[in-house]
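Please read the structure below before turning to the comments.
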Amino acid sequence: MTPLATAIPGSSNNGYVAAAYIVFFAIVLIYVAIMAIRLTRVERGLRELNERAETPRDGATQGETRQDGLGEDDAHSQARERETV
Amino acid sequence: MSSRTFPPMNGRGLRALSIATVAAIPIALALVFFYAPIEAEEGFLQKIFYLHVPLAIVTLCGFVLGGLMAIMHLRTRERNWDLRSYVAIHMSLIFGVGTLITGSIWARGSWGHWWVWSEPTLVSFLIIMLLYATYQPLRFAIEDPERQARYASVFAIVAGAFVPLNFLAVRLSTEYLHPRVLGSSSNLPPKMAFTFLVSLVAIALLYATLCCYELTAKRSRMLLKSRSRTLGFQ
Chain A
0 MTPLATAIPG SSNNGYVAAA YIVFFAIVLI YVAIMAIRLT RVERGLRELN
50 ERAETPRDGA TQGETRQDGL GEDDAHSQAR ERETV
Chain B
0 MSSRTFPPMN GRGLRALSIA TVAAIPIALA LVFFYAPIEA EEGFLQKIFY
50 LHVPLAIVTL CGFVLGGLMA IMHLRTRERN WDLRSYVAIH MSLIFGVGTL
100 ITGSIWARGS WGHWWVWSEP TLVSFLIIML LYATYQPLRF AIEDPERQAR
150 YASVFAIVAG AFVPLNFLAV RLSTEYLHPR VLGSSSNLPP KMAFTFLVSL
200 VAIALLYATL CCYELTAKRS RMLLKSRSRT LGFQ
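Structure follows, in structure tokens:
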């Protein structure tokens, strides 16, 4: 059985413990930040794609209804809504 | 799905997983620092154990998981399995770096050295990390997506099989300096064992959550590219 301390030992090693946990959370934080930047780029790409997809079809899609009963504008707004959630 | 609609960036499952992870990590930290007793020999330094060991376990399991997913890819030829295998290995590499750094800090505090070359557990883990460090250069050196996926899967399977063999070899070796955690020689007091298990769950949840985010991001990017091509914007 692992022996347990009966009194609180000296705190000479506290720095190592703090360093280990800080390093780990820093790695996770850096990774999450990189992920956020990449997701922002994808979102921007989606937005640009939506805008470019809308432009040439503006005249043609007025009043056009899809098979699911939604107009193209409805579909785009739904897509944008899902994109920002 | 219409060609002009795009998938959501996240789902209900991912949100639930994220919430579970965000809840589990503070609980694990609270248990580590306020509940788990202090060990007699190493004192407060032993608290690194609750971070370092779960990280190492999750890393190695991730590598094996990557190999299993690669088997699924070769069997089914579905691109999704290759993507999952890639993400599992990619995330394990990141967690592996965390394992090496926290292990070195622990070694410095406990043994007075950042690295001990005569210690089989440390060296074997480094060998595994170096082996997997070649995965991404190998993968991205191949341009053809089909070949890239196939070669990467073969690598993931071979390297994934090496991980448990390597673990067993180290276990069977006689020179031990490294503290044993799991197995017949481990007799953690109940409070320590419980804290360790919660920490392991928290780290595993973090791994799963980050894998899911990475997968979602990768799929979104792939879809964005394919939609751009379909609409003639690229």
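Chain order of the listed sequences is A and B.
So the first sequence is residues 0 to 84, counted in numbering that gives the first Met the number 0.
So the second sequence is residues 0 to 233, counted in numbering that gives the first Met the number 0.
Beta carbons: idealized from backbone N, C-alpha and C, even for Gly.
Using 8 Å as the limit for Cβ to Cβ distance, is Tyr212 (chain B) near chain A? The residue you call residue 212 (chain B) lines up with position 213 of the second sequence. Yes - at least one Cβ of chain A is within 8 Å of the one on Tyr212 (chain B).
8 Å is my cut-off, CB to CB: does Ser84 (chain B) come that close to chain A? By one-based count along the second sequence, residue 84 (chain B) stands at place 85. No, no contact with chain A.
Pull out every residue of the region 89-109 of chain B whose Cβ sits closer than 8 Å to any Cβ of chain A, in chain order. Ile93, Val96, Gly97, Ile100, Thr101, Ile104, Trp105, Arg107 and Gly108
Beta-carbon proximity list for Thr194 (chain B), same chain, < 8 Å, skipping 5 on both sides: Position 195 of the second sequence holds residue 194 (chain B). Cβ within range, chain order: Ala27, Leu30, Val31, Tyr34, Ala35 and Tyr49.
Answer yes or no: does any C-beta atom of chain A fall closer than 8 Å to that of Ser219 (chain B)? Against the second sequence, residue 219 (chain B) aligns to sequence position 220. Interface residue, yes.
Any C-beta of chain A under 8 Å from that of Ala27 (chain B): Taking the second sequence and counting its residues from 1, one reaches residue 27 (chain B) at position 28. No, its Cβ sits nowhere closer than 8 Å to a Cβ of chain A.
Based on the DSSP output, what are the partners of Gly42 (chain B) in its beta bridges? As a working mapping, residue 42 (chain B) is identified with position 43 in the second sequence. B:Glu38.
If you check the beta carbons only, do Tyr134 (chain B) and Ile70 (chain B) fall under 8 Å apart? The residue you call residue 134 (chain B) lines up with position 135 of the second sequence. The residue you call residue 70 (chain B) lines up with position 71 of the second sequence. Taking 8 Å as the Cβ cut-off, Tyr134 (chain B) and Ile70 (chain B) do not qualify as a contacting pair.
Would you verify that the beta carbon of Ile36 (chain A) is, or is not, closer than 8 Å to some beta carbon of chain B? By one-based count along the first sequence, residue 36 (chain A) stands at place 37. No - not a single Cβ of chain B is within 8 Å of the one on Ile36 (chain A).
Between which two residues does the alpha helix (DSSP H) holding Ile26 (chain B) run? For the purposes of this step, residue 26 (chain B) is identified with residue 27 of the second sequence, where counting begins at 1. First-last of the alpha helix (DSSP H) with Ile26 (chain B): Arg11 to Ala29.
Secondary structure at Trp113 (chain B), three-state DSSP: helix, strand or coil? Counting from one through the second sequence, the residue named residue 113 (chain B) turns up at place 114. Three-state result, Trp113 (chain B): coil.
For Leu121 (chain B), decide whether its Cβ has a neighbour in chain A, counting only Cβ atoms nearer than 8 Å. Along the second sequence, read from residue 1 onward, the residue named residue 121 (chain B) stands at position 122. No, Leu121 (chain B) does not count as interfacial toward chain A.
Flag Arg78 (chain B) as yes if its beta-carbon sits less than 8 Å from any beta-carbon of chain A, otherwise no. Position 79 of the second sequence, counted from the first residue, corresponds to residue 78 (chain B). No, its Cβ sits nowhere closer than 8 Å to a Cβ of chain A.
Neighbour flag for Arg11 (chain B) against chain A, beta carbons, 8 Å: Along the second sequence, read from residue 1 onward, the residue named residue 11 (chain B) stands at position 12. No, Arg11 (chain B) does not count as interfacial toward chain A.
CB Leu44 (chain B) to CB Trp105 (chain B), shorter than 8 Å? Indexing the second sequence from 1 puts residue 44 (chain B) at position 45. Indexing the second sequence from 1 puts residue 105 (chain B) at position 106. In contact: Leu44 (chain B) and Trp105 (chain B) (Cβ atoms closer than 8 Å).
Proximity of Thr75 (chain B) and Leu205 (chain B) at Cβ, strictly below 8 Å: Walking along the second sequence from the start, residue 75 (chain B) turns up at place 76. Walking along the second sequence from the start, residue 205 (chain B) turns up at place 206. Contact flag unset, no.
Using DSSP with H/G/I as helix, E/B as strand and the rest coil, what is Ser172 (chain B)? In the second sequence, counting from the first residue as 1, residue 172 (chain B) sits at position 173. The answer is coil: DSSP assigns Ser172 (chain B) none of H, G, I, E or B.
Nearest to Leu171 (chain B) by CA position, among B:Tyr131, B:Lys217, B:Thr120 and B:Val153, is which residue? Against the second sequence, residue 171 (chain B) aligns to sequence position 172. Ranking B:Tyr131, B:Lys217, B:Thr120 and B:Val153 by Cα distance to Leu171 (chain B) puts B:Thr120 first.
Name the chain B residues that come within less than 7 Å of Ile26 (chain A), Cβ to Cβ? Residue 26 (chain A) sits at position 27 when you count from the first residue of the first sequence. Ile93, Val96 and Gly97, listed in chain order.
Taking the C-alpha atoms as reference points, what is the distance between Pro188 (chain B) and Gly61 (chain B)? The residue labelled residue 188 (chain B) in the question sits at position 189 within the second sequence. The residue labelled residue 61 (chain B) in the question sits at position 62 within the second sequence. If you take the alpha carbons of Pro188 (chain B) and Gly61 (chain B), they lie about 28 Å apart.
Contact under 8 Å by Cβ, Met90 (chain B) with Trp80 (chain B): On the second sequence, position 91 is the one that residue 90 (chain B) refers to. On the second sequence, position 81 is the one that residue 80 (chain B) refers to. Their beta carbons are not under 8 Å apart, which means Met90 (chain B) does not touch Trp80 (chain B) by this criterion.
With 8 Å as the C-beta to C-beta threshold (strictly closer), list the residues of the region 31-64 of chain B near chain A in chain order. Pro36, Ile37, Glu38, Ala39, Glu40, Glu41, Gly42, Phe43, Leu44, Lys46, Ile47, Leu50, His51 and Leu54
Using beta-carbon positions only, say whether Leu99 (chain B) and Leu125 (chain B) come within less than 8 Å of one another. Numbered from 1 along the second sequence, position 100 holds the residue referred to as residue 99 (chain B). Numbered from 1 along the second sequence, position 126 holds the residue referred to as residue 125 (chain B). Cβ distance < 8 Å, so Leu99 (chain B) and Leu125 (chain B) count as in contact.
I want to verify the contact list: residues of chain A whose CB lies under 7 Å from the CB of Ala216 (chain B), in sequence order. Residue numbering aside, residue 216 (chain B) sits at position 217 when the second sequence is read from its first letter. Near Ala216 (chain B) (Cβ distances below 7 Å), the residues of chain A are Met34, Arg37, Leu38 and Val41.
Between Ser223 (chain B) and chain A, is there a C-beta pair that is closer than 8 Å? Stepping through the second sequence from its first residue, residue 223 (chain B) is reached at position 224. The sequence shown places Leu at residue 223 (chain B), not Ser. Yes, Leu223 (chain B) counts as interfacial toward chain A.
Count the other CB atoms within 10 Å of the CB of Ala22 (chain B); is the residue buried (16 or more) or exposed (fewer)? Indexing the second sequence from 1 puts residue 22 (chain B) at position 23. Exposed is the call here.
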